[in-house]
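For what it's worth, UniProt numbering labels the leading residue of the sequence shown as 1, then goes sequentially. Have a look at the structure below before the remarks.
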Amino acid sequence: MSKPLDLLQEMRQPIRRNSLKRNIDDTTSPVYTAAAHKEIINCIDGVGGPMIGSGAPELVTGSRDGSVKVWDPRQKGKPVATMEPAAGEDRRDCWAVAFGNSYNSEERMVCAGYDNGDIKMFDLRMMTLRWEINVKNGVCGLEFDRKNIEMNKLVATTLESKFYIFDVRTQHPKKGFTYLSEKAHKSTVWTVRHLPQNREIFVTCGGGGTLCLWKYNYPEKRTKEDGDGDLVGVAGSVSLLQNVTLSSQPISSFDWSPDKQGLAVCTAFDQTVRVIIATKLSNNL
């Protein structure tokens, strides 16, 4: 049992300077490597190829150096896109990145969250900043409810016990995306993961070693007209389905099984990998 656990712990260590992609069957050498950032890489996400979404297989990384870079493993040595402040501008630590809107071979979005509370959405097809907001606390985690559909919902987790759900289906020209916020965990909310079998159910991971299972409830109508005749989104609500304390230390990562509904794995700062099962999820489908 010790060998697989050792491997998992090794792969969770901070990656310095280089972005690595490894063959899980042979970890002696990486299948792809690049001199990615000048400082520590805080976060990484992937999309595309035969498994997730449409279009090219790509990775996105966010770093303490303030830059967000997109990588295509077929192109060696340099990123296919870089989003960073201009020379002389303040560089904030990027804590979270997420792919979304990858529903065909052309469309793709990247969201990035920063230590000052900024959330920025980049349109990779147009190479523009699509939208941004500040949620006042450092953004620890980001995830679209699905990567391979037209943008629907985006969840952001932050310091100070809060998470935000943005309805990213409708963007108002002035107000942007409608959202709701929720307090949870009584500590930092480290990350969020949506159930693969039901995108309305998701789990958040807390700094006190807790997990909270939530369900998003849509409003009767998702849009309404404002005084100028523009459509603005209408936020729904969330219901807490279950919560549990697994550790006295923060739960730093979580992943659902795409094959077995309710089966999941998580890691915590107590250096323990836990396999867990959430039951009765079919009652909420």
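Where is the CB? At the ideal position from N, CA and C, for every residue including glycine. Computed from a predicted structure; not experimentally measured.
Could you check what DSSP says for residue i in three-state terms: helix, strand or coil?
| i | result |
| --- | --- |
| leucine 154 | strand |
| arginine 17 | Because arginine 17 sits at a pLDDT of 46, beneath the cut-off of 50, its placement in the model cannot be relied upon, and the following sentence gives the value as read from the coordinates. Three-state DSSP puts arginine 17 in coil, outside helix and strand. |
| leucine 246 | coil |
| asparagine 137 | coil |
| serine 54 | coil |
| asparagine 283 | helix |
| glutamate 84 | coil |
| proline 30 | strand |
| histidine 194 | strand |
| alanine 35 | strand |
| isoleucine 40 | coil |
| serine 2 | Legend: pLDDT at serine 2 = 33, less than 50; position of this residue unreliable, no value from coordinates given. |
Checking the sheet assignment: what are the DSSP bridge partners for residue i?
| i | result |
| --- | --- |
| glycine 206 | Val189 |
| threonine 223 | Gly233 |
| arginine 125 | Paired residue(s): none; arginine 125 is not in a bridge. |
| asparagine 217 | Ser237 |
| glycine 46 | Leu59 |
| tryptophan 95 | Beta-bridge pairing links tryptophan 95 to no other residue. |
| glutamate 143 | Val155 |
| residue 301 | In the structure as shown, the chain starts at 1 and stops at 285, and residue 301 therefore has no counterpart that could be examined. |
| isoleucine 201 | Lys215 |
| leucine 149 | The sequence shown places isoleucine at residue 149, not leucine. DSSP output for isoleucine 149 lists no bridge partner at all. |
Nearest to residue i by CA position, among the options, is which residue?
| i | options | result |
| --- | --- | --- |
| proline 57 | His37, Arg91 and Asn104 | Asn104 |
| cysteine 212 | Lys186, Phe269, Val234 and Ala235 | Lys186 |
| valine 238 | Lys136, Phe269, Asn217 and Thr61 | Asn217 |
| aspartate 123 | Ser67, Asp228, Ser102 and Gly117 | Ser102 |
| glycine 176 | Glu220, Leu231 and Arg193 | Leu231 |
| glycine 66 | Ala96, Arg193 and Arg125 | Ala96 |
| glutamine 242 | Lys78, Asp145 and Ile201 | Ile201 |
| threonine 99 | Gly138, Asp270 and Val155 | According to the sequence as given, residue 99 is phenylalanine; it is not threonine. Closest option to phenylalanine 99, Cα to Cα, is Val155. |
| glutamate 39 | Ser63, Gly49 and Leu59 | Ser63 |
| glycine 229 | Val273, Lys76 and Pro173 | Pro173 |
| lysine 162 | Asn152, Lys153 and Val139 | Val139 |
| isoleucine 52 | Val135, Lys147, Asn116 and Val110 | Lys147 |
| threonine 210 | Thr223, Leu263, Arg274 and Lys221 | Arg274 |
| proline 49 | Arg108, Ala87, Arg92 and Thr82 | Proline is not the amino acid found at residue 49; the sequence shown has glycine there. Of the listed residues, the one whose Cα sits closest to glycine 49 is Arg108. |
| aspartate 72 | Arg92, Gly88 and Ala34 | Ala34 |
| leucine 263 | Ile251, Gly207, Gly206 and Gln197 | Gln197 |
| threonine 61 | Ser54, Glu84 and Arg74 | Glu84 |
| arginine 125 | Tyr164, Asn116, Val110 and Thr279 | Val110 |
| cysteine 94 | Lys183, Asn137 and Gly55 | Asn137 |
Which residues mark the beginning and the end of the beta strand (DSSP E) in which residue i is found?
| i | result |
| --- | --- |
| asparagine 104 | Premise fails: asparagine 104 is in no beta strand (DSSP E) and is neither H nor E. |
| glutamate 182 | 176-183 |
| histidine 172 | 162-172 |
| residue 313 | The shown model of the chain, from 1 to 285, leaves out residue 313, and the question about it has no answer. |
| valine 70 | 68-71 |
| threonine 272 | Taken as a continuous stretch (DSSP letters only), threonine 272 belongs to no beta strand (DSSP E), as it is neither H nor E. |
| glycine 113 | 109-114 |
| isoleucine 251 | 251-256 |
At least one CB of chain C closer than 8 Å to the CB of residue i: is that the case?
| i | result |
| --- | --- |
| isoleucine 165 | The structure shown has no chain C; it contains just one protein chain. |
For my contact list, residue i and residue j are in at a C-beta cut-off of 8 Å; report their separation, rounded to the angstrom.
| i | j | result |
| --- | --- | --- |
| leucine 59 | isoleucine 44 | 6 Å |
| valine 189 | threonine 157 | 4 Å |
| valine 192 | glycine 113 | Actually they do not touch by this definition, with Cβ atoms about 11 Å apart. |
| lysine 221 | valine 234 | 6 Å |
| cysteine 266 | isoleucine 251 | 5 Å |
| glycine 208 | alanine 184 | With 8 Å as the limit, glycine 208 and alanine 184 do not qualify as a contact, their Cβ atoms being about 11 Å apart. |
| threonine 245 | threonine 170 | That belief does not hold up - the Cβ atoms of threonine 245 and threonine 170 are roughly 37 Å apart, past 8 Å. |
| aspartate 115 | arginine 92 | 6 Å |
| arginine 74 | aspartate 145 | At roughly 28 Å, the Cβ-Cβ gap does not stay under 8 Å, so arginine 74 and aspartate 145 are not in contact. |
| valine 80 | valine 70 | 5 Å |
Is any non-hydrogen atom of the ligand GDP found closer than 7 Å to the C-beta of residue i, if you look at the structure I gave you?
| i | result |
| --- | --- |
| valine 110 | The model on display carries no ligand, and the ligand GDP is accordingly not part of it. |
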